[in-house]
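Per the working numbering, the sequence shown starts with residue 77, numbered consecutively. Note that the Cβ used here is the ideal one computed from N, Cα and C, for glycine as well. Because the structure is a prediction, the values reported are computed rather than measured. Okay, so here's the structure we're looking at.
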Amino acid sequence: MSTAERNNSKITIYVLSCWIFAAFGGLMFGYDIGISGGVSGMDDFLKKFFPKVYERKSHAKENNYCKYDDQLLQLFTSSLYLSALVASFFASKSATKFGRRLTICMASIFFLAGAVLSAAAKNKLMLIFGRILFGVGVGFGNETVPLFLTEVAPIQHRGAVNILFQLFVTIGIFIANLVNYGTSMIHPHGWRLSLGLAAVPAIVLFVGSFVITDTPSSLIERGKDEQGKTVLKKIRGVNDVEVEYQEIVAACEQAKLVKYPFRSLAKAASIPPLVIAILLQIFQQFTGINAIMFYAPVLFQTMGFKSEGSLLSSVITGLVNVGSTFVSIYLVDKVGRRKLLLQACCQMLISQLAIGAILVTNLEETGTLNKKLAAIVVLLVCTYVMSFAWSWGPLGWLIPSETFPLETRTAGFAFAVSTNMLFTSLIAQAFLTMLCTMQAYIFFFFSAWIVVMGLFVIFFLPETKGVPIDSMVERVWMQHPVWKKLF
Numbered sequence: 077m078s079t080a081e082r083n084n085s086k087i088t089i090y091v092l093s094c095w096i097f098a099a100f101g102g103l104m105f106g107y108d109i110g111i112s113g114g115v116s117g118m119d120d121f122l123k124k125f126f127p128k129v130y131e132r133k134s135h136a137k138e139n140n141y142c143k144y145d146d147q148l149l150q151l152f153t154s155s156l157y158l159s160a161l162v163a164s165f166f167a168s169k170s171a172t173k174f175g176r177r178l179t180i181c182m183a184s185i186f187f188l189a190g191a192v193l194s195a196a197a198k199n200k201l202m203l204i205f206g207r208i209l210f211g212v213g214v215g216f217g218n219e220t221v222p223l224f225l226t227e228v229a230p231i232q233h234r235g236a237v238n239i240l241f242q243l244f245v246t247i248g249i250f251i252a253n254l255v256n257y258g259t260s261m262i263h264p265h266g267w268r269l270s271l272g273l274a275a276v277p278a279i280v281l282f283v284g285s286f287v288i289t290d291t292p293s294s295l296i297e298r299g300k301d302e303q304g305k306t307v308l309k310k311i312r313g314v315n316d317v318e319v320e321y322q323e324i325v326a327a328c329e330q331a332k333l334v335k336y337p338f339r340s341l342a343k344a345a346s347i348p349p350l351v352i353a354i355l356l357q358i359f360q361q362f363t364g365i366n367a368i369m370f371y372a373p374v375l376f377q378t379m380g381f382k383s384e385g386s387l388l389s390s391v392i393t394g395l396v397n398v399g400s401t402f403v404s405i406y407l408v409d410k411v412g413r414r415k416l417l418l419q420a421c422c423q424m425l426i427s428q429l430a431i432g433a434i435l436v437t438n439l440e441e442t443g444t445l446n447k448k449l450a451a452i453v454v455l456l457v458c459t460y461v462m463s464f465a466w467s468w469g470p471l472g473w474l475i476p477s478e479t480f481p482l483e484t485r486t487a488g489f490a491f492a493v494s495t496n497m498l499f500t501s502l503i504a505q506a507f508l509t510m511l512c513t514m515q516a517y518i519f520f521f522f523s524a525w526i527v528v529m530g531l532f533v534i535f536f537l538p539e540t541k542g543v544p545i546d547s548m549v550e551r552v553w554m555q556h557p558v559w560k561k562l563f
């Protein structure tokens, strides 16, 4: 009997609504990634909070690579991810004790508070504190939403459902780019509108948290067996769920034996997914994607586009990002995780090397690229974003959410989220300084990491397509030529 036959299901309107409402947690995250870079490039915002940066930017002969190099400006972006790092561990405890649904509701409340405070900011302290509240919302949302989607998805569609999170991240980035393009022409408070509109996805997620159910795994883990079975029938759209129900009950019984899940991450069953989860998050950031997404408008201005042109270019890359994520949704459960990751490594490597070569040979410290070369750079950025969007972007969240045993699932995923936030904040804090110091060679820096990532996938990452999430140890880790040595 196949896995799909054993865990039979129908896709109902209700379960679709659960997937979509929960995925708005990704839209919150994506909107913030997209909005911060655009706001950082707006003259009105710089004049109010970072006048020295505005003066450098306005200086006709200022070094192309260094005009945005300011630690406080970078702190505006990175402070969110530092707070998200800490919040993810509290979110792990909340998701285990109170359930996935309530923790998602908390994420929306924190994010909404951050939007209100950021839009009303009168000084840098209010601005940074608003970013911290944003970060708590992101930490709670990023910890819980991918787990929720993985646990409610039928096995034959698990990859595609989980990638809804990343799809909504890309939609959030795209919407943010459109908003920035429009608000950049609203003076002097366009930036307030950009930051304040972050409240919209937070409100949708808040409302959605009263529509969605908690996951069967979470309910059964908290002793609500009958409610868990009822919910399982509801999200599967069929009454015959006994086999899957018993699998979840067995996993929960095993989980109850674990009193300290964070300590249990040192046991053999959790070491392979923990190592892979942490390295996937590090590698995801060292592709250079968030450096480009955070600072796309700034980057395009460095290459010679005017302010409006740079925002329009980032809108184009945002649209490519959204469209390419659909490719991942279609292919991930057909061709598997490994092939998508390896193909993308090749495409990203070529794109990064080509961008670096063009900038090294044609962009001086002063002056701009000619229009033809600038257009080629935008095209290369698009091919780079395209490959990331169907691979390392969504799979960086999918693989950690599906590979941990239940007893360490929230704790292990908290490490994945916190690692992602740590390295996201490091890249956000360091990128503009690195751009100033390394200039165009920064693209070669990221290219070297892409080579390392490809080797990691070849030797250490097993294929998890079609494997039940509660059977990973026996069917994946104990069969892998490297990881089986731990058992």
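Proximity below 8 Å, CB of residue i to CB of residue j
i, j, result
"Asn-218", "Gly-394", "no"
"Val-558", "Arg-551", "no"
"Leu-178", "Leu-193", "no"
"Ala-171", "Thr-220", "yes"
"Pro-277", "Met-497", "no"
"Trp-473", "Leu-417", "no"
"Phe-519", "Ile-431", "yes"
"Ile-111", "Ser-260", "no"
"Ala-183", "Gly-213", "yes"
"Phe-224", "Ile-296", "no"
"Gly-284", "Phe-97", "yes"
"Gly-211", "Ser-159", "yes"
"Ser-501", "Leu-161", "yes"
"Leu-505", "Leu-151", "The amino acid occupying residue 505 in the given sequence is Gln; Leu does not appear at that position. Yes, Cβ-Cβ distance for Gln-505 and Leu-151 is below 8 Å."
"Trp-95", "Leu-308", "no"
"Ser-346", "Phe-480", "yes"
Where residue i sits in the DSSP three-state scheme
i, result
"Trp-466", "coil"
"Met-617", "The question about residue 617 has no answer here: the residues shown for the chain are numbered 77 through 563."
"Thr-540", "coil"
"Gly-266", "helix"
"Glu-288", "For the record, residue 288 in the displayed sequence is Ile; it is not Glu. In this structure, Ile-288 counts as coil in the three-state DSSP scheme."
"Arg-298", "coil"
"Pro-277", "helix"
"Pro-181", "At residue 181 the sequence reads Cys, which differs from the Pro that was named. Correct three-state label for Cys-181: helix."
"His-233", "helix"
"Ile-87", "coil"
"Asn-446", "coil"
"Thr-306", "helix"
"Ser-40", "This structure cannot settle anything about residue 40, because the visible part of the chain is limited to 77 through 563."
"Lys-198", "coil"
"Thr-226", "helix"
"Met-261", "coil"
"Val-549", "helix"
"Met-554", "helix"
"Ala-342", "coil"
"Ala-136", "Only weak support exists for where Ala-136 lies, its pLDDT of 46 falling under 50; the value from the coordinates is given anyway. Ala-136: coil per DSSP, three-state reduction."
Through-space distance from residue j to residue i, alpha-carbon basis
i, j, result
"Ile-251", "Trp-267", "15 Å"
"Ile-354", "Val-533", "13 Å"
"Thr-509", "Pro-476", "31 Å"
"Leu-149", "Gly-113", "10 Å"
"Val-228", "Gly-412", "20 Å"
"Asn-199", "Gly-190", "15 Å"
"Ile-249", "Phe-563", "42 Å"
"Leu-243", "Gly-215", "18 Å"
"Val-287", "Gly-313", "17 Å"
"Ile-368", "Tyr-130", "21 Å"
"Ile-324", "Val-391", "43 Å"
"Phe-499", "Met-424", "19 Å"
"Phe-166", "Val-436", "45 Å"
"Ala-136", "Asn-238", "Low confidence applies here, because Ala-136 scores a pLDDT of 46, under 50, leaving its location unreliable; read the following figure in that light. Taking the straight line joining both Cα atoms gives about 47 Å."
"Gln-360", "Phe-186", "26 Å"
"Gln-419", "Ser-463", "8 Å"
"Leu-122", "Leu-388", "20 Å"
"Val-47", "Leu-341", "Residue 47 falls outside the range modelled here, since the chain spans only 77 to 563, and no answer is possible."
"Gly-299", "Cys-328", "9 Å"
"Ile-262", "Leu-511", "29 Å"
"Val-351", "Asp-290", "28 Å"
"Trp-466", "Val-398", "9 Å"
"Leu-449", "Ser-134", "24 Å"
"Thr-486", "Ala-197", "35 Å"
"Ile-526", "Cys-421", "6 Å"
"Ile-109", "Ile-452", "24 Å"
"Leu-531", "Pro-538", "13 Å"
Within-8 Å CB hit, residue i to chain B
i, result
"Glu-219", "Reference to chain B is not applicable here, since this structure consists of a single protein chain."
Supposed close pair residue i, residue j - CB separation, criterion 8 Å
i, j, result
"Ser-427", "Thr-459", "5 Å"
"Glu-478", "Ala-331", "Actually they are not in contact, since the Cβ atoms of Glu-478 and Ala-331 sit about 16 Å apart, beyond 8 Å."
"Pro-230", "Ser-85", "4 Å"
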